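See structure below.
In structure tokens, the structure reads:
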């Protein structure tokens, strides 16, 4: 087991990601942040709070998306869905999808399908905390990356969040 | 996370956790049904056959809609107008349908136990849409789901099932389902329509409908199933309505507000009056709405059990 990001490194990375988002989206007037259930939501909660703090905006559009019914692996096991919570129209918006780890790209493929069922965004970008390079099964690349790692298929990347796991840490498990 | 069973034959065989998993999943499907695009692509590789050997409006449309909202392909079969009238057996009929590469069978049959018999002989997952006077599991699930929406956790809640208990598969499935969720169950109606064995299931029995209404928080009123009664069990429908029918006056005299349910089809003026069926207390149409979400959940959760055969 190897620590990829400890508590301090994780916080610095989150700060950088929030600033990068603001750099591209300025005042977030047409931007919506959408976290992918279940684990991406811990990251999107943090990013949304940081963006709000830095930009001093009272409210930014922020939603959560469950992709269970859009998965392509239903016959490999059933997942119980979480809530989808998008209280605004995504029609014509610039959407930033957020997930913790980007691996095969299949989750993001499902998320894009799910998203399109809510309307036609003007653009969709992807923000991930960990990018597992060279393990993609679909042509999907992130626009904002917290940390890149080279991994083999048998390894696992685990992201711990204080809200649920009592600590902030990213580890690589062999 | 999936169900402990491969088929949904009866509530009797389900675990409490299964029922809760179905409810949690149905909560999400109910959300999906409120979106502008009410369809998800989950089951686009699945074909479901609705095989109905007995008449149905609600259940059949509800299943078909649930399947379509999940993007499954659907074939409908009804016994009238089919080769069943030429003498084809149940297994032959279903096997012929399965030979056309159908993955799941939703079946209604007038013979109690027919789905169990079928489950022993075919590989596809089977969902019982009502078998004779035995079980109607998806109805019980949507009933309990609708009660849960109004009352929260059903543990310790008092539910009365009123009417033709003897011929009702809804009654039996409801009893199993509500008891598994920890509710107290009473059955009420004329003695000739309440079978003696029902006490062995641990339910209260009451012959005075007024007393049952006073006791309960929810009254699930059942239809008088004249088509299943081969000898008269009460003298006239008018007499039944007089002694056992539920009207507004009765409800108003209770000094509390109870929830009124009915699985349909309603015999207006017999087991329930229009002023009750269409009142604020009635959640009959919520039941119908929830039926689609519940059936989507059941079909979704069972489809993971499918063997792809590679």
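Protein chains in written order, with the working numbering: chain A, 1 to 174; chain B, 1001 to 1310.
Every residue gets a Cβ at the ideal spot worked out from N, C-alpha and C, and that includes glycine.
None of the values given here were measured: they were computed from a predicted structure.
By the three-class DSSP mapping on this structure, what secondary structure does residue i have?
{"i": "residue 1268 (chain B)", "result": "strand"}
{"i": "residue 40 (chain A)", "result": "helix"}
{"i": "residue 146 (chain A)", "result": "strand"}
{"i": "residue 175 (chain A)", "result": "A question about residue 175 (chain A) goes unanswered here, because the residues of chain A that appear run from 1 up to 174."}
{"i": "residue 1138 (chain B)", "result": "helix"}
{"i": "residue 165 (chain A)", "result": "helix"}
{"i": "residue 1174 (chain B)", "result": "helix"}
{"i": "residue 1072 (chain B)", "result": "coil"}
{"i": "residue 1250 (chain B)", "result": "helix"}
{"i": "residue 154 (chain A)", "result": "coil"}
{"i": "residue 123 (chain A)", "result": "strand"}
{"i": "residue 1242 (chain B)", "result": "helix"}
{"i": "residue 1133 (chain B)", "result": "coil"}
{"i": "residue 130 (chain A)", "result": "strand"}
{"i": "residue 1213 (chain B)", "result": "helix"}
{"i": "residue 1003 (chain B)", "result": "coil"}
{"i": "residue 1299 (chain B)", "result": "helix"}
{"i": "residue 1078 (chain B)", "result": "strand"}
{"i": "residue 1113 (chain B)", "result": "coil"}
{"i": "residue 1291 (chain B)", "result": "helix"}
{"i": "residue 1102 (chain B)", "result": "coil"}
{"i": "residue 1310 (chain B)", "result": "Residue confidence for residue 1310 (chain B) is low, a pLDDT of 36 falling below 50, so the modelled location carries little weight; the figure read from the coordinates is stated next. Reduced to three states, the DSSP call for residue 1310 (chain B) is coil."}
{"i": "residue 30 (chain A)", "result": "coil"}
{"i": "residue 25 (chain A)", "result": "helix"}
{"i": "residue 1021 (chain B)", "result": "helix"}
{"i": "residue 1045 (chain B)", "result": "coil"}
{"i": "residue 1231 (chain B)", "result": "coil"}
{"i": "residue 1037 (chain B)", "result": "coil"}
Answer yes or no: do residue i and residue j have a C-beta to C-beta separation smaller than 8 Å?
{"i": "residue 1165 (chain B)", "j": "residue 1219 (chain B)", "result": "no"}
{"i": "residue 98 (chain A)", "j": "residue 34 (chain A)", "result": "yes"}
{"i": "residue 1162 (chain B)", "j": "residue 1209 (chain B)", "result": "yes"}
{"i": "residue 104 (chain A)", "j": "residue 137 (chain A)", "result": "yes"}
{"i": "residue 1205 (chain B)", "j": "residue 1246 (chain B)", "result": "no"}
{"i": "residue 1077 (chain B)", "j": "residue 1051 (chain B)", "result": "yes"}
{"i": "residue 79 (chain A)", "j": "residue 68 (chain A)", "result": "yes"}
{"i": "residue 1248 (chain B)", "j": "residue 1276 (chain B)", "result": "yes"}
{"i": "residue 1022 (chain B)", "j": "residue 1176 (chain B)", "result": "no"}
{"i": "residue 1032 (chain B)", "j": "residue 1104 (chain B)", "result": "no"}
{"i": "residue 169 (chain A)", "j": "residue 45 (chain A)", "result": "no"}
{"i": "residue 66 (chain A)", "j": "residue 1028 (chain B)", "result": "yes"}
{"i": "residue 1155 (chain B)", "j": "residue 1178 (chain B)", "result": "no"}
{"i": "residue 1042 (chain B)", "j": "residue 1080 (chain B)", "result": "no"}
Comparing C-alpha positions only, which one of the options sits nearest to residue i?
{"i": "residue 1283 (chain B)", "options": "B:1240, B:1142, B:1065 and B:1040", "result": "B:1142"}
{"i": "residue 1226 (chain B)", "options": "B:1251, B:1267, B:1249 and B:1242", "result": "B:1267"}
{"i": "residue 31 (chain A)", "options": "A:50, A:149 and A:92", "result": "A:92"}
{"i": "residue 1167 (chain B)", "options": "B:1013, B:1045, B:1043 and B:1130", "result": "B:1130"}
{"i": "residue 1184 (chain B)", "options": "B:1160, B:1147, B:1197 and B:1244", "result": "B:1160"}
{"i": "residue 23 (chain A)", "options": "A:100, A:123, A:114 and A:144", "result": "A:144"}
{"i": "residue 126 (chain A)", "options": "A:101, A:73, A:51 and A:149", "result": "A:101"}
{"i": "residue 1114 (chain B)", "options": "B:1297, B:1128, B:1250 and B:1207", "result": "B:1128"}
{"i": "residue 1045 (chain B)", "options": "B:1269, B:1012 and B:1073", "result": "B:1073"}
{"i": "residue 1119 (chain B)", "options": "B:1197, B:1233, B:1262 and B:1095", "result": "B:1095"}
{"i": "residue 87 (chain A)", "options": "A:59, A:111, A:76 and A:81", "result": "A:59"}
{"i": "residue 1270 (chain B)", "options": "B:1198, B:1238 and B:1069", "result": "B:1238"}
{"i": "residue 1254 (chain B)", "options": "B:1212, B:1278 and B:1155", "result": "B:1212"}
{"i": "residue 85 (chain A)", "options": "A:71, A:53, A:37 and A:42", "result": "A:37"}
{"i": "residue 1075 (chain B)", "options": "B:1134, B:1145, B:1181 and B:1102", "result": "B:1102"}
{"i": "residue 1090 (chain B)", "options": "B:1109, B:1187 and B:1171", "result": "B:1109"}
{"i": "residue 1172 (chain B)", "options": "B:1156, B:1147, B:1138 and B:1149", "result": "B:1138"}
{"i": "residue 120 (chain A)", "options": "A:94, A:151 and A:165", "result": "A:94"}
{"i": "residue 1201 (chain B)", "options": "B:1214, B:1207, B:1193 and B:1187", "result": "B:1187"}
{"i": "residue 207 (chain A)", "options": "A:55, A:40 and A:54", "result": "As shown, chain A starts at 1 and ends at 174. That puts residue 207 (chain A) outside it, with no answer to give."}
{"i": "residue 1203 (chain B)", "options": "B:1230, B:1229, B:1158 and B:1169", "result": "B:1158"}
From the DSSP secondary-structure annotation, give me the bridge partner or partners of residue i.
{"i": "residue 1219 (chain B)", "result": "B:1160 and B:1260"}
{"i": "residue 1107 (chain B)", "result": "B:1051 and B:1128"}
{"i": "residue 35 (chain A)", "result": "A:64 and A:98"}
{"i": "residue 170 (chain A)", "result": "A:5 and A:159"}
{"i": "residue 1204 (chain B)", "result": "B:1186"}
{"i": "residue 17 (chain A)", "result": "Looking at the DSSP assignment, residue 17 (chain A) forms no beta bridge with any residue, so it has no partner."}
{"i": "residue 1008 (chain B)", "result": "B:1127"}
{"i": "residue 1282 (chain B)", "result": "B:1260"}
{"i": "residue 85 (chain A)", "result": "A:64"}
- Interface residues of the region 1038 to 1050 of chain B facing chain A [CB-CB below 7 Å]: 1040, 1041 and 1042
- Task: With 9 Å as the C-beta to C-beta threshold (strictly closer), list the residues of the region 1009 to 1033 of chain B near chain A in chain order.
- Result: 1021, 1024, 1025, 1027, 1028, 1029, 1031 and 1032
- Residues of the region 1262 to 1287 of chain B whose Cβ lies closer than 7 Å to any Cβ of chain A, in chain order: Result list empty, no residue passes.
- Task: Report the residues of the region 1116 to 1146 of chain B with a CB closer than 9 Å to any CB of chain A, ordered along the chain.
- Result: none
- Item | Members of the region 30 to 56 of chain A near chain B, C-beta cut-off 8 Å | So nothing in the stretch comes that close.
- Query: Along the region 1290 to 1302 of chain B, what residues have a CB closer than 7 Å to any CB found in chain A?
  - Reply: 1301
- Item | Cβ-based contacts, 9 Å cut-off: residues of the region 1172 to 1183 of chain B near chain A | If you check each beta-carbon in the region 1172 to 1183 of chain B against every beta-carbon of chain A, none falls closer than 9 Å.
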